[in-house]
Every structure is written in C-alpha cells, then in structure tokens.
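Here is the structure we will look at.
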Amino acid sequence: MPSVVEDFRAPLTNKRTHINSAFRGPLDSLPTDAVSAHHLEIDEEDCVYSQPIAPKRLRLDNGDFNDEFNSWVYNRPETLGDVNGEISDLPAPSNADEATTYVGHGAYENSIDPMKTWRTHQATFLQERMRFHGLGNAIHNPRCSVPKCNTRYVSNAEHPLPDGTTDTLFRCRTCGNFLVCGSCCLERHRHNPTHIIEEWTGRSFRRTSLIHIGLVYQVGHGGYPCVKPRSPQQRRTMTVIDTSGIHHVAVDFCACEDGQTISDWQQLFRDGLYPATTQAPQTCATFAVLDMYRMLLVSSALSVHKFIQALSGITDPWGVDNVVDREKELARTTRQWAFLSRVLRAGSIFDANGWEPGLVVQQCWACPYPSVNIPDDWRERNNQWLYRPIMSIDANFKMKLRDRIHKNHIDPPLYNGLGIQPPIDMFEHWISTNVPELSKSDCAVFAALLQKETRSEVGLKWTGLVGTFCARHELVHATTNLEKGEKYRNVDFCLAWAMSRMKPQTLAITYDIACQYKKNFHKRFEALPSVIKDLDLPPADMLMFALPYWHGNVHDVLCEMRNSVKTKRGIGRTDGETPEREWSDINHFAGITREQSEGARYDLLEDVYDHINHRKLVGIGNTLFRRIKIAACELAVQEDSFAHINASISPALARTWEQHILDFEANPDTAMNPYVVAGEETLTEQEVRRDLKREEDRERASDLGEDSDGHDSGTVTHTQFVIMGIELEEAQRRLRNDKVRIGADPTAAEEGRILDRRLALRARLKSFMKYQRQYLENFDQLLSADEDERRALGSGPPDPEDTIIYMPWNSPGHASETLCSIERPLRAAQCTDVLKLLRNRLLAHRSFLNVRNKFISGQVARTRAQTLIDSLQTKIVELSLKYRECFESYVSLVGSEEECLPLRRLEKEDVSVFHVDESDSEAIKNLNRLDGRDPRATSSRRKANARRPGHAPRRDEPGLSTSTMKWIWVGGGVPEVGDDGLMHRSILCEWSKAKARRDRWWEEMELLKEEMRRVVESLKHEEHVWQQRAIGAGREDETADVASGRVSFCLAQAEGRRRVRESFLSLWLRTEPPRGKVWDKWDTKRLEAINEALSTNVTATNIGAVAKHDFDASGTFPEKLPHQVFLLDLMILPYHRRHFLLVLVLIAPRRDGVVSFLGGPFGDAEDPSMARTSSLQAVRFVF
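Residue numbers (UniProt numbering): 1 to 1183.
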C-alpha cells in the first residue's frame, strides 16, 4: 500500500498539480483568513474537492479570495471579475423566457430579486387573469368539454332545445377551468358535493351551487348507490363546512338493510363528514377541513372566528347571501376530531391496559427509557450520565384564564389526565390543601419567590402556567396552572406528573431558582397525592439541580458558579433555557385561551403541546446531525485552546488544580470554588477611585522633587546611578502622559502645573548629568552628536520630558560591564512590576464593568461609572506603553528576545483579560437555532449569523471560542498564593473555566452520539409495537370492517416509523466509505490506520453491544472491528494563518440497524477522565 502521506502530500507540494479539475492556481495563494468550514469528498481519481457545510454562501470581501481558491472552495466555475458580484460572461440558460444574468457564485439576478423580474411581466399576468373570467379557448364554439357528450351551447334558444344542444354551461373552480353541461356536471360531482360551481349566463359567469342544479348526495354506502334510499320527503338539506367554503347539500340517507343498523351520524361519518351532533345532525364538516383548521390552529393560533370569516368570504365574496354562521359547530367538531386523532395515534386503546394516564403523550425518541433504548446494565457503567434525562422548569404568567364559571354550563375537558396536563379535579384538590411554603432565599431576591402570594388574581381563575420540558430536545413534558404566584407545590405537582410517565432513575433539573428549589425537595415530594407520589424518586446522589445558562447571571456570583450548567459535569452544552423558547410559541395562544371555558382551554393547550412535540420529533434527525457538526468544530477549537493554556502550567500545579475541581464537585457547598475569584465582585467604585488617587499622589510627589534621591551633591554608587536614571525616565513618562490627557488646549491652571513640573524635572536632569559624565565614557561626545543632529534638523532644545537620558542600555561602548550587569536585573524587575500592575488594572477594569452592567442604572450614575472606566482604560494604555519601553531597554541589555523569556514583546492583542467568561455563547445559540430556518441575505442578518453551523469564527472578534489565555497572565510563571494571591486565584479561575468549556463540549459530543443511537432504537421499538398491534387480537365487539381498519392503521403507523428511521440513517450515514487520503504532518501512523480502515469493508463476525475498544491505545484499529466504519463528515476549520484543523467524524452502523459511534483514537470513550476521547480526530496541517 503506498504511503498515505506521500499520496496526499504530492498534490499539495507540487504547484503544477491540481487538487481537482477546478483548481487552477498556486497553492501558496490560498487565503489565511477563511471564514467557513468545508466538507471534503474524494472523486473516482482520488482528487479532493470541497464545498461549504453551511447551506448558503457567505458574501466575501474584496481580495479575500482569489478566483482559483473560490472555485476550489465553492466547486463553482471561475468568475471573470470581482467575487462580490461583477457580471460574468457565462452563457444564459437555454430557456429564453427564463433568461437571467449570471452574477457569480451560482447566483442569478432573478434569484436575487425575483420581484424585479416579475414586474416586467405584470401586464401579461393581468391579461391572463382577465382572460380567465371569460370562455377562453371556447369563445368561438362553447360546448361541453366531456368527449362523450360534446353538447353545444346555444344562447336565447327556444324550447324545446334541439338534440345535442344546451342553454346552460357550468364550470367548476375546484376541478379546473372546464366547461360542462348540467348533466355532466352532476355526474362529475356525484361524490364531490362541496365544489364551487359557476354558471355561464351568456355574457358572464355567475356563482351557483350543486344543490341548485339538482345534486343529491347519497350516504351510507361509501359512494355506491343505495337500492332503497329514504323517500324524497325525508331528504335533508345540510350545511357542510369544507375547505372550499360553507355549502348547502341535499343528502339522502340509506334506508335499506345496512342503513337500518347504523344511525344517521354514522352514515355521514363513513362518507367523510363529521356531524356536529349525534341527534338529527343538520351541520357537518369534512375531514379535510377539520385537518386543515386543526393544523392552522396549533401552528398559527388562528381562532375559529377568523377561520369561519375566511370561509364565508370564499363562499360569498359579495356578502349578500347571508352565509350561515357555524362557528360553534366547527369549534366543537375540531376539538373532538383532534382528541380522536391523538387517541388513535397513541395506540394504547389497542392494548390491554386501556385508557391510562398520559395515554396520548408522545415519548421523546432521544431521551432515555428503560427497556426501550438504553442498556439494562447502565447502572454498572462508568458513563451513567449518558443515561440521565435533563428537564427544565419555568413559569409563564401570560397564559391567564378569566374566571367565567357558569353553574348551568359545565364544559369538562376531553383529555383530563390522558395527556400532558394532570386531571383538573386531582390538581385542584392538591392546591386546596394547606402546604407550608419554605421560601426564604439565601441568594438574590427573586420575583418568583416574592410574588408567590402577592401576584394579582382579580377576575382570574388561573394566573399562568408552570411547565416541565425536555431540556435537550425541547418537548413539553407537563404543565399545570398557577392560582397566584410561582409556588413550589404547583411546580412539584408539574414535575411529578412528568416523572410519573418517564419514571427516571437519575435526573438533572434546570430551574431559574434551582438553588432554592432543591431545598427540602424529597420532603415536599412525600406529601404529593397518592396517584403520583409512589413514583420511584431518584435518590439524592442521582439528582442534579442546575441554573440555566442566561438566568444564572442574576444570581450571586458564588451561587451561579456553584449551580450553573456551565460547570455541572455530564450535562454537556445544555443551556437550560428551553422553557423560554417554548413559551414564545405557546404565548401566541394567550389571547384565545384567556376567554375560553376551562375545558376548551385545557384541550386546546393539549393540542398545541402535541403539535410542538411532534414537530420536534420529526425534525430531531436534522437537529442532532447539525448539532454534532457544531460540537465537532467547537470541541476541536476548545481542545486546542486549552492545550495552549495548559502548556504554560506546570504538571504538578495542573494536577493540584484538577484536584480542586474534583473536591468542589464532590462538596460544592464547602469546598473552594475554583471558578470564582474570591472577593473580585466586592471591588467597588470607591475602592477603585482610592487606588487611582493614591497612585496619582505618589507620582506628583516624585515629579516635584519631594521624593528626592538625596544625591544632589557628593558622589553616588553604580547602583544609585542606575536607579536615578530609571526614576528620571519614569518622571518623563508621567509628564508626557499628562500632556496627552489635557490635550492641545489646556487651561491656564493646567498649563501652569505642567510648567512647574518641567522646571523641577529640568533641575533633576541637570543634576544627573554630572553623574553621567562620571560613569559614562566620552559622555560629552554623545551630547555633541545630539546637538549636531538638532542643528541639521533646524530644531531647538528639547523639552525636559523629551530629553534623551543616556543609560547603559542606550549607550553601547560608553558604559562599563559593571553598570550593564546592574541595570539588567533592574530592567527585568521593572518589566515584571509593570506587568503585575497591568494585570491588576485589567482585573479592576473587568470587575467594575461587571458591577456597572449588573447594578448601576440611571444616566448620572452610569456617566460617572463610565468616567471611571475610561480612567482605567487610559491607565492600561499607559502601562502597556511603559512595558514596551522597558522591554526594549531589557532586550538591548541582554542581546536578544530569546534571552528575555519568560518576558515577551507585548502586542496589542495580548492586553486582554483571559477568555471572555463564556466564549462560546454563539455556538450555544447555534445549538438552539436548528429548526431548519435559513438566515438569508441581508447584511445585518449575515453578521448576526456569521457563525452558523459549519462556519469558522472570525479571528478579529473578541470573546470567541478560539481565544486563548494571553501570555501576560502566565508569562513569568503562575504566582504562588503567598506572592500574589489574587493573581493566582484569577489564573486558576480562568484555567478551570477553560477546562470546563472543553469538558462540556466533549460531553456534548458523547451525548449527541448516544442520543442518535437512542433515536434509532426508539423508532425500532415503536415500529415493533405497532406491528404487534396489527397482528394482535382486537376487541370482542370488533367487526370485520373495524378489524380491517385497525390492521391497516397499525401497519401504516409502523411503516411511518420505519420511513422516519431510514430517513435519519440516510442523513447520518454515507452509502460508501470514503477512500480519501489525509495528511497529518506530525502523526502519519494513526492517519494511515484510519485511512486503511475507512477503505476496507470490515465484516462483523460478532454483532453485540457497541465495542469500547474501537481503537487500541496505540491509535490503530484492532484487527477485527465489530462493524463497518463510515465517515460522517470531514471538515476543514481555519485555525491560525496558514494552519487548519482537519476534523474527522467517524460513525459505525451495525448489521441489525443499530447505530454506534466510534470514540477517537485516544482511549476508552466510556472513561469520563479521557477528555480528548471523542468521535472526532482533529489534526493540524499546513498548506
């Protein structure tokens, strides 16, 4: 087998060899600031080609990409001009009517502005629309369009009409624009009594109806004629609601032997008409309109009043026929239809258990359910957190219900405990009991706790809802009502109702007041009603409470970092904010449900929840697939980022800090919190101002000579001479900084103070010159050279602050080695001191920014705070400039920058505070924005979505997940606690956060792989259950026709789940394993093993559980794999300049259809301590 490295390196190093047929440029012209990750594939000739992972292309800036690289990246032909949209000379499409201008990047002018193209045809559209109102093609010879009839139309004909002629023609707006005679129209619509009919009057078309031209609709035989219908006197004119409008239909009921055994409403129902009543029905709705309105209702909150108005407008556009109002009938039938549909889909009515609580609730396919989709021995495994469901709780005070109880009108709900909400009577009995509320908070003061008993309830039956949601997959698990505020007893009942169906043996709960809610949790659950309190509540060590991602910011800092999802092990990148996203959809129904009866509101909310859950389930395949791509890229970045940080920490110190994290996770209430800098948040404005004033007082005292060196006469030692020079340099620096602060137009007082300081500084410089003559050889020559240079330039004597102070570092050949040896350590110490002060100012700047953002409000207060922040920022700039000057002096003394290590040259990007606290917040937004919507082309939306799934972050944006800890924080080694306790704790805090980010993304990868496996297992289980229901015995009173329907329905449900499972697998898997060559400059052996395995069709001899030894410790594949290996995705992520991250995502399907995912070649995927073990392998390479 040829070397993988050589095969892939050859086309990269030989500039005359193309990577693929579209690449035409030298490889060194590849851009260094690519802004997207790309999917690579291999063609038949083993050539690499690439396309962006994101569904839409980014708009590129001028010069960012040349034509050659653009053609390689986007797999497009080369453009002839600017990539921003200069028109190309490519040929137009073959269809002349659709001819558009190609503008590059696969975009045509018509696709950019389709309305502009349409406006050029609007006159033609108007003519065609006008033509539709006439006879069209039949204008010269109007006749029936049915070939066997072909009756000719005659106008104003005398009766009797001649054979083959008619004086009436009709057309059906529903069937199409076809002219037919009266008899053909009746025959065509014998089974379609609700079509819209128009009659030709000789000059125009007029709206009519099928009942007016004599149509009688026969029910009872499924479309077949009845041998003995009821008499014409018993014929019933009914109102039928359909998608085409509200119609009157003459109905004949069956009176033969078959019709004697069933009632009238059953005859209607069997013909697809749902009766509004069961006793002598006069109104019915077609199944089609019930399905349509139910979908419109739950997806867009369209009220029945608005829907009936729309149907009335379709039926009678002129509003003169007084269309009957059937609003109440449609509302009632839709409610019943939705209930029947959900009960049938649940399937439990086919089982022996019958109508149990929670009958119609759809189970989450990706959540763990014992004996369904998780192994029986999960408790014995090290990775138990993979099998822990995560629920989110929150309250919503917009979903109110007015108190409109009428004793004579009782409207009980249809579901009443069969769905997501608990039974009304059980819940009302529970909240009527006097359960004490222990709500004293030891954290921040929360409105949820303060308003438990004080929230307004005047005129309201319920003030809102509290809900429990699937935090990972956003399904609604349970909701209950709130009679006042957010009481624990309502929340407990809601959570218990959700747990009663899932019966979790381990559980994680996110709640915006979780720090208070977890207190006395088990004690409160003991008081729950007997119906649900017997559930197997997980023990305390199997329960986890966490604060959501964004809500945690309002808690005390210690509380937030102790309970946040950011630091909880095993929770992945779950943000806990699912309720907020779901409430935004549910709140659309607040206006409808507020005025409904309690039963109608209950049933409508059930249907809304069911629609949300179904939408999430059918889209979960695409959601998980996108999430795993995001996680793969983010994990690669976080691992590399943490590696940079960890490299600056000694192994012993890293082990100590890891132990701090483990101790904190074991005892979060007592152990030291490594994620918080103790006392950082207590920094106040007064303390910051005090420190700045003290520093200013010391500087002024030194500038005015009050802190004199005491050597104006006599001699000084070598050391004193160097120290005096350094002090004078500092005085010059301060004077220059103050000149910059006051600007070019100072006041008289400010100018006077500057002059006083200049006089004092000039005197000190004059005194220092005699020591320079004493210790620097030929010092007068240096002065003469300066004077000659000024004369040549025509400039006068410099100001004292600009005068060059000659010291050993800038007087090579004039200073002795003794002076240089004295100045070297002083300059190093000076750099270290400036670095320390710079760190402190940066910490103070960040601390006060947090204080201002969280606690300061009002224009005056915020203006004062901003002034202080600007002062700190000025200090940071001045200290940065001072360090650069001191470092230049130090480099001049030691000879090279390498000799200065661990001190380094200070760049602009180095002056920052560690990572931004949550650097990957954009990735979190990506994880929760995976609903299939595609942000489009406006510049503002492009900027907001610049880091969509598969796109790399911009390198010039602060706070991205690729930022690393700057060297200034560890440049001189991490300070010991005794030396600089604040700095030590600050670095420990940021190191811990960086490790937590990496660990959470690794957990996210493992959770996603497990969830994808569980989805497949759940669908297989449900498919098997429906198949068993089809072949099982029916009810004792089941007739043959009902049994046939049951079998057909069950098989259709099984088939639907099979199709969903196959669609997910086709999305996740590839039909053929790629045979591409990859190149890793540092680790060729591992990549050769990966390539060989991917190119080999490995057959399974032992199909069992997912093998945890997919890779051995050396990074190579074992001799026999338990299943074939596929490549889920191969991505390039721009890393740094000419460096890229190559991300491999591997997947392995088993023969029995179960999907398992390979851990990376770093060890056991089930070992949580192996943080780098994942389903991806990120390697770095250079073009």
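For every residue, glycine included, the Cβ atom is placed at its ideal position computed from N, Cα and C.
Out of the options, state which residue places its alpha-carbon closest to the alpha-carbon of residue i.
i            : options                         : result
Tyr369       : Pro389, Glu109, Tyr488, Asn382  : Pro389
residue 1200 : Leu761, Ile1031, Val554         : Outside the displayed range of the chain (1 to 1183) lies residue 1200, so it cannot be described from this structure.
residue 1185 : Arg852, Gln516, Leu558, Asp425  : With the chain represented from 1 up to 1183, any question about residue 1185 goes unanswered, as that position is not in the structure.
Trp1068      : Glu777, Pro668, Asn622          : Asn622
Asn613       : Ile393, Val361, Ala996, Cys254  : Val361
Asp325       : Leu535, Ser312, Leu835          : Ser312
Leu837       : Ala815, Gly794, Tyr883          : Tyr883
Glu899       : Arg824, Ile571, Arg404          : Arg824
Ser145       : Gly794, Thr165, Glu158, Thr194  : Thr165
Arg569       : Ser784, Gly319, Asp663          : Asp663
Lys484       : Gly358, Leu418, Gly459          : Gly459
Glu598       : Leu537, Leu414, Trp657, Arg1058 : Leu414
Asn667       : Arg562, Leu783, Ile308          : Arg562
His611       : Glu526, His477, Ile754          : His477
Glu606       : Arg862, Leu297, Cys367          : Leu297
Tell me the residue span of the alpha helix (DSSP H) that contains residue i.
i            : result
Ala478       : Segment 476-482 is the beta strand (DSSP E) holding Ala478; no alpha helix (DSSP H) there.
Gly621       : 620-647
Ile297       : One point to set straight first is that residue 297 is Leu, not Ile, in the sequence displayed. That run of the alpha helix (DSSP H) goes 287-300.
Trp1068      : 1040-1068
Tyr488       : 488-502
Leu344       : 327-346
residue 1184 : It is not possible to answer for residue 1184, since the shown part of the chain is limited to 1 through 1183.
Gly259       : 257-260
Ala861       : 859-894
Trp318       : Segment: none, Trp318 is in no alpha helix (DSSP H) and carries neither H nor E.
Use the C-beta contact count for residue i: other C-beta atoms within 10 angstroms, 16 or more gives buried, fewer gives exposed.
i            : result
Thr124       : exposed
Ala546       : buried
Gln218       : buried
Thr574       : buried
Gln732       : buried
Gln638       : buried
residue 1241 : Residue 1241 falls outside the range modelled here, since the chain spans only 1 to 1183, and no answer is possible.
His191       : exposed
Arg954       : Low local confidence applies: a pLDDT of 37 at Arg954 is under 50, so the model's placement there is unreliable, with the coordinate-based value given in what follows. Exposed is the call here.
Lys1009      : buried
Thr717       : exposed
Tyr675       : buried
Mind reading off the beta-carbon distance from residue i to residue j? Whole number of angstroms is fine, and I expect it under 8 Å.
i      : j       : result
Asn373 : Glu1017 : 4 Å
Ile197 : Gly245  : With 8 Å as the limit, Ile197 and Gly245 do not qualify as a contact, their Cβ atoms being about 11 Å apart.
Arg236 : Ala255  : Between Ala255 and Arg236 the Cβ distance is about 13 Å, and since that is not below 8 Å, they are no contact.
Gln171 : Leu179  : First, the amino acid is wrong: residue 171 is Arg here, not Gln. About 5 Å separates the two Cβ atoms, so the contact holds.
Ser641 : Ala994  : 7 Å
Gln421 : Thr479  : 6 Å
Gln267 : Gly220  : 4 Å
Leu728 : Arg753  : So it is not a contact: roughly 19 Å between Cβ atoms.
What span of residues does the beta strand (DSSP E) with residue i cover, start to end?
i      : result
Tyr675 : Segment: none, Tyr675 is in no beta strand (DSSP E) and carries neither H nor E.
Trp462 : 460-462
Pro275 : 273-275
Val392 : In the sequence on display, residue 392 carries Ser and not Val. Where Ser392 is concerned, the enclosing beta strand (DSSP E) stretches over 390-396.
Ala508 : 507-511
Leu901 : Leu901 -> no beta strand (DSSP E), and no H or E assigned at all.
Leu169 : 169-172
Would you verify that the beta carbon of residue i is, or is not, closer than 8 Å to some beta carbon of chain D?
i      : result
His305 : Protein chains in the displayed structure number just one, and chain D is not present.
Return yes when at least one heavy atom of the ligand HEM lies under 7 Å from the C-beta of residue i, else no.
i      : result
Gln774 : With respect to the ligand HEM, the structure shown offers nothing to examine, as it has no ligands at all.
Scan the region 527-594 and note each continuous beta strand (DSSP E) run of 3 residues or more that stays entirely inside, going in chain order. 543-546
Write down every uninterrupted run of the alpha helix (DSSP H) in the region 176-244 whose length is 4 residues or greater and which is fully enclosed by it, in chain order. 182-188
Return the chain-ordered ranges of every beta strand (DSSP E) run that is complete within the region 792-830 and spans a minimum of 3 residues. none
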